[in-house]
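Notes follow the structure.
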Amino acid sequence: MSEDRTPSDRADVCVIGAGPAGALIAHRLAAASQEVVVLEAGPRFDPERRIEQMEDALRPSHGRPDVWGMGGERDAFTSSGERHYPLNHSRVKGVGGSTLHWQGMVMRLHERDFEVESRDGVGTDWPIDYDELRPYYAEAEAALGVAGASDNPFAPPREKPHPMAAFEPSHSDSIFAEACESLGITTHSVPNARNSEPYDDRSTCVGYGTCKPVCPSGAKYDATSHVGKAEAAGARVIDRVPVQRLEHDDAGERVTAAVYATPDGATHRQEADQFVIAAGGVETPRLLLLSDSPQYPDGLANSSGLVGRYFTEHLFAGTGGVIERPTRQHHVGFNTTESHHFYDDPAAGTDSGVPPAEADSADIGAIKLEFLNYAGPSPVETALTDGGWGDQLRDRIADTYGNSLAVGALVEQTPRRENRVTLDRSRTDDHGNPVPEIHWGLDGRTRRTIRRANEIQEAILEELGAEITWQVGPENTGPASHHMGTTRMGSDPGASVVDHRGRTHDLSNLWIGGSSVFPTGGAMNPTLSIAALALRTADRV
Amino acid sequence: MSHELTRRDAMAALSVVGASLAGCVAPSTDSDGGTDDGEQSLTDHDRETLSAVAEVLYPDDVTEIEPFVARYVAGRTSDRPEHATGIEDAVAYLDEYCRAWFDSEFTALSADDRDQALRRMGVDEVDPDPAGGDVERLRYYLLNDLLLALYASPTGGELVGIENPPGHPGGLVSYQRGPQS
């Protein structure tokens, strides 16, 4: 029997996108007795297939986007900026959204992240501060299930411990701890959205080691959890129904319907009192731009001209090498130690080994250091790519595995107006709509920040006596798959797309959830902030 | 020191690929390494060829290869007929190649000739591809399948210094501890 994908007769709220923001909003509103319909462009994945997906992830013959079915005409895009943007490596379309393939690191933004313009004179301040979001961070940590410890002296204030105890540090962490202590660098645990104990009917992590891109055990949080809760509370979730455009009333004040396509070629209109777009930092602005009308020729909710602009990422900076002792990598696929030591004051040196930066801290963005538990090639990876066999293969695997180590970093990107998502009208997707075009590049401040991260990483590895064998710096950096800024939040309708609640300035019943509303992104993995903002928005829809 | 592949290793290897554990939990294996699981779609010759390939691929000190491969393949193919077809076709191509160059099927060759046959066809040079040419599919369905089975199992991991290799749900203890010997 085919699934009914016709519209609901009555809906209080139509949510577009079943990733973490959409799922949390849908759940909260459905639990408050609202009639909620969720329209998801991608499929509902069978959880029974996750082991097979893990095999695909392990085998080199299957590309990373293949694991979650990304690519093809549906997901066509254009990258035309000074840096190539690998869009389909950085997102998943489907029920659960990109949490299906995420790493699961969940930190609160620091207080400075909400006021970068005031502090450093770059970017823009958020219309809310940390204290405003703080209670929602606590709710988000409980909702996702965060394993963490209150051992981070640089973290913003919190009200109570994390829902679960942090994962114990790794053997590799203990090696780094010695070097960091010598250098005066403070390290601490990583808050993880994965179960260190049974939580919310999901099991403890069992160490498959393939968290990104797939957790077969379900110990890592993904948004299918809150999709399920939303459905249990009465929400209706329809998969494989990409929304083509939004329609508005004659006055141009309210959205009246989401027009969506179904797999059998039909087109339907879902009407509702309120609409929430939660389709990620690329598809959300794309949908607004696709929804142009005679009244809004530049796209919906775009009177500021900023829909799609300020596309902001985090950059990866990394330095790795080998040492003369076993480092025991790849037993798990997540990290257990990090450092925010250089987050608020990235230019400062330490008393015992890390020199200060040549630039002022205002000229360098935030840096979050990560001590990897999966440095170097894994044995399985080498076995399947080497081409050889027998004793020689075993020896090569043993040689390449065992004493690698690496320090990674997330680096703040300074928002740039020219970094943007537009429509490429020369190419169309499987429904004849112009594909998203990504214009993305780096400014000097971001390059300086990457270089500063490299300096700190080199100091740590040199303290260990490591032979540095690779480095990801300003020239070969890549994005961390965090799509932010394309419908930025602000108080001034001329300088932002949504207000502090997440409601568009232009249309009174159109809301946006997700990291596209971030005015700036700091250097923290964004999903906890996405979740906190989503819960806050849900209270205001 | 020998490294004996056990039923636990076969179960671990099957868990990596989401396959049926039927071949592992069946009560016994018969004397020639087959299983009494009735779901198998491969022939005895297919299974013998897989074991012969594994003997080339696996390090010399790995023992109990034949029952390990028999258990693994039984589970691997029992509910994945398309994968069984891929293996059958790869075995057929391997035999065809060996008959052309060595006048024998792969299983009848000496250990050195088996190694040479694989190298001669260039399987070590091509990328594995389940939808590729004959050699690319052979790399995917025979070589990489058997290498994945070994190196994602606890015994295979220990060969290279990791008790909990990626793909194996080996828990949360091993990552915390230092080297064991």
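Sequence lines, in order, name chains R and L.
Anchor point for the first sequence: position 74 equals 74 in the working numbering, and the numbering is continuous, going up by one each time.
Anchor point for the second sequence: position 79 equals 79 in the working numbering, and the numbering is continuous, going up by one each time.
Cβ coordinates follow ideal geometry from the N, Cα and C atoms, glycine included.
(message) I'd like the span of the beta strand (DSSP E) that includes D424 of chain R, first residue to last.
(response) Element bounds for D424 of chain R: 420-428.
(request) Inspect the beta-carbon positions of P436 of chain R and G485 of chain R and report whether they are closer than 8 Å. (result) It is not a contact, given that the beta carbons lie outside the stated cut-off.
(message) Please tell me whether S104 of chain L has its Cβ less than 8 Å away from any Cβ of chain R.
(response) S104 of chain L does not count as touching chain R.
(request) Give a yes or no on whether the minimum CB-CB distance between W102 of chain R and chain L is below 8 Å. (result) Answer no: the Cβ-Cβ gap between W102 of chain R and chain L never drops below 8 Å.
(request) Report buried or exposed for H431 of chain R, applying the criterion of at least 16 other Cβ atoms within 10 angstroms of its Cβ. (result) Here H431 of chain R is exposed: its Cβ has fewer than 16 other Cβ atoms, across all protein chains shown, within 10 Å.
(message) Whole angstroms are fine: how far does the CA of A100 of chain L sit from the CA of G218 of chain R?
(response) Annotation: G218 of chain R to A100 of chain L spans about 50 Å, alpha carbon to alpha carbon.
(request) Verify the CB distance criterion: does Y93 of chain L have a CB-CB separation below 8 Å to chain R? (result) Output row for Y93 of chain L: interface = no.
(message) Less than 8 Å between the beta carbons of R236 of chain R and V37 of chain R, yes or no?
(response) In this structure, R236 of chain R lies near V37 of chain R, with their beta-carbon atoms less than 8 Å apart.
(message) Does N192 of chain R come out as helix, strand or coil in the three-state DSSP assignment?
(response) Reduced to three states, the DSSP call for N192 of chain R is strand.
(message) Checking 8 Å against the spacing of the C-beta atoms, do I238 of chain R and L39 of chain R come in under that value?
(response) Yes, these two residues count as a Cβ contact at 8 Å.
(message) DSSP has Y199 of chain R in a bridge; who is on the other side?
(response) R:R202.
(request) May I ask you to report which of helix, strand or coil DSSP gives G228 of chain R? (result) Helix at G228 of chain R.
(request) For M105 of chain R, decide whether its Cβ has a neighbour in chain L, counting only Cβ atoms nearer than 8 Å. (result) Contacts with chain L at 8 Å (Cβ-Cβ) do not include M105 of chain R.
(request) Please list the segments of the alpha helix (DSSP H) lying wholly inside the region 38-64 of chain L, counting only runs of 4 or more residues, in order along the chain. (result) With a minimum length of 4 residues, the unbroken runs of alpha helix (DSSP H) contained wholly in the region 38-64 of chain L fall at 44-57.
(request) Starting from S172 of chain R, follow the alpha helix (DSSP H) in both directions and report where the run begins and ends. (result) S172 of chain R -> alpha helix (DSSP H) spans 171-183.
(request) With a 10 Å radius around its C-beta and 16 neighbouring C-beta atoms as the bar for buried, classify Q53 of chain R as buried or exposed. (result) The Cβ neighbour count for Q53 of chain R, taken over all protein chains shown within 10 Å, is at least 16; the residue is labelled buried.
(message) Assuming A90 of chain L and Y141 of chain L are in contact, meaning their beta carbons sit under 8 Å apart, how far apart are those beta carbons, in whole angstroms?
(response) The distance from the Cβ of A90 of chain L to that of Y141 of chain L is about 4 Å, consistent with a contact at the 8 Å cut-off.
(request) Would you mind telling me which residues of chain L sit closer than 8 Å to L58 of chain R, beta carbon to beta carbon, in chain order? (result) Within chain L, the residues placing a beta-carbon under 8 Å from that of L58 of chain R are V16, L148, A152, P166, G167, ordered along the chain.
(message) So, does the region 365-376 of chain R touch the region 106-125 of chain R, judging by three or more C-beta pairs under 8 Å?
(response) They touch, by the three-pair rule.
(message) On the DSSP bridge list, what partners appear for V411 of chain R?
(response) DSSP output for V411 of chain R lists R:L315, R:I367 as bridge partner(s).
(message) With a threshold of 7 Å on Cβ separation, who are the neighbours of L42 of chain L within its own chain once the five nearest residues in sequence on each side are excluded?
(response) Closer than 7 Å at the Cβ level, and outside the excluded window around L42 of chain L, lie V73, T77, A84, I87, E88.
(message) Let me check one thing: in DSSP terms, what residues is S79 of chain R bridge-paired to?
(response) According to DSSP, which records beta bridges pairwise, S79 of chain R is partnered with R:I438.
(request) Please compile the residues from chain R whose C-beta is within a distance smaller than 7 Å of the C-beta of R177 of chain L. (result) Those are H171, listed as they occur along chain R.
(request) Label A523 of chain R either buried or exposed according to how many other C-beta atoms from any shown protein chain fall within 10 Å of its C-beta, with 16 as the threshold for buried. (result) Per the 10 Å Cβ criterion, buried.
(request) With E467 of chain R as the anchor, note down where its beta strand (DSSP E) starts and where it stops. (result) Unbroken beta strand (DSSP E) run through E467 of chain R: 467-472.
(request) Taking the CB atoms as reference points, tell me whether A348 of chain R and C14 of chain R lie closer together than 8 Å. (result) No.
(request) Go ahead and pull the three-state DSSP assignment for W389 of chain R. (result) Coil, per DSSP.
(request) Would you mind listing the alpha helix (DSSP H) stretches within the region 52-97 of chain R that are 4+ residues and don't spill past its ends, in chain order? (result) Segments of the alpha helix (DSSP H) lying fully in the region 52-97 of chain R: 64-67.
(request) Compare the C-beta of P59 of chain L against all C-beta atoms of chain R and say whether one is closer than 8 Å. (result) At least one beta carbon of chain R lies nearer than 8 Å to the beta carbon of P59 of chain L.
(message) Just to make sure I have the definition right: I need the residues of chain R whose C-beta is within less than 7 Å of the C-beta of L5 of chain L. Which are they?
(response) Ordered by position in chain R, no residue passes the 7 Å Cβ test against L5 of chain L, which lies about 14 Å from the chain.
(message) Would you say the beta carbon of G490 of chain R is closer than 7 Å to some non-hydrogen atom of the ligand FMN?
(response) Of ligands this structure carries none, so the ligand FMN is not represented either.
(request) Please name the residue in L:T49, L:V56, L:R8 whose C-alpha comes closest to that of Q116 of chain L. (result) Per the Cα distances, L:V56.
(request) Please state whether DSSP places C98 of chain L in a helix, a strand or coil. (result) C98 of chain L falls in the helix class under three-state DSSP.
(message) Once the 5 residues before and after V534 of chain R are set aside, which same chain residues still bring their CB inside 6 Å of it?
(response) According to the sequence as given, residue 534 of chain R is Ala; it is not Val. Excluding its 5 nearest sequence neighbours in each direction, A534 of chain R has C-beta neighbours in its own chain below 6 Å: A21, L24, I25, G513, listed in chain order.
(message) Tell me the rounded alpha-carbon separation between Q295 of chain R and D250 of chain R.
(response) Roughly 9 Å between the two C-alpha positions.
(request) For G522 of chain R, decide whether its Cβ has a neighbour in chain L, counting only Cβ atoms nearer than 8 Å. (result) Not an interface residue.
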